[in-house]
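These notes are about the structure you will find just below.
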Amino acid sequence: MDISKIVVDVRETIGEKTLLLEWRPSFSYAGGVKGEQDGIKLTCLSEKAGYEKIDIKIPGMMSLPFEFNNTPIPVVFEEISGKLWQDWSNKGTVKMSVVAKGIKPVEVRRKVQLNG
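This is how it looks when you write it as structure tokens:
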């Protein structure tokens, strides 16, 4: 079976919320030559996937739609999907390629302590 034909439930695999660690521009490649920026790539930490780092691409988005000061924050992705592929340069390791249509920070409720 062609591994790319396997349907992956990304939300079930990585969870609803992930922790955004960093982001960088994503570029198109043609014939091994780097082209123009075509989106962004985000590195997130997934608690549900055993605290594994997951790279998620958002094509067409050139920067984050919110302020990010390089301090990890919880985020959710819109219309996330993925597929499996094999990295033959790394002993055929199975990897997951993930794309999304958007990203939003999760509101973190702060506990307020009242004295008195």
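In this note's numbering, the protein residues as written are 4 to 119. Think of the CB as a built atom: it goes at the ideal place given N, C-alpha and C, for glycine as much as any other residue.
Contacting residues, own chain, Cβ-Cβ under 7 Å from residue i (five flanking each side not counted)
i	result
R14	I83
I17	S49, K51, A52, I57
E19	V79
Residue nearest to residue i in terms of C-alpha spacing, selected from the options
i	options	result
F30	I43, G18, T96	I43
E39	D5, I59, M99, M65	M65
P62	E55, D12, S100	S100
I109	K94, Y54, F69, T96	Looking at the sequence itself, residue 109 is Val, so the reference to Ile does not match. When only C-alpha atoms are compared, the closest one is F69.
N73	T96, C47, L87	C47
CB-CB length for residue i against residue j, believed under 8 Å
i	j	result
P75	L117	The pair is not a contact, with the Cβ atoms about 29 Å apart (cut-off 8 Å).
I6	Q89	6 Å
Contacts around residue i, its chain only, beta-carbon distance under 6 Å, and the 5 residues preceding and following it disregarded
i	result
R27	K44
8 Å Cβ shell around residue i - same chain, five flanking residues per side excluded
i	result
E81	A103, K104, G105, I106, K107
A33	none
Exposure of residue i, with buried meaning 16 or more beta-carbon neighbours within 10 Å
i	result
G35	exposed
G85	buried
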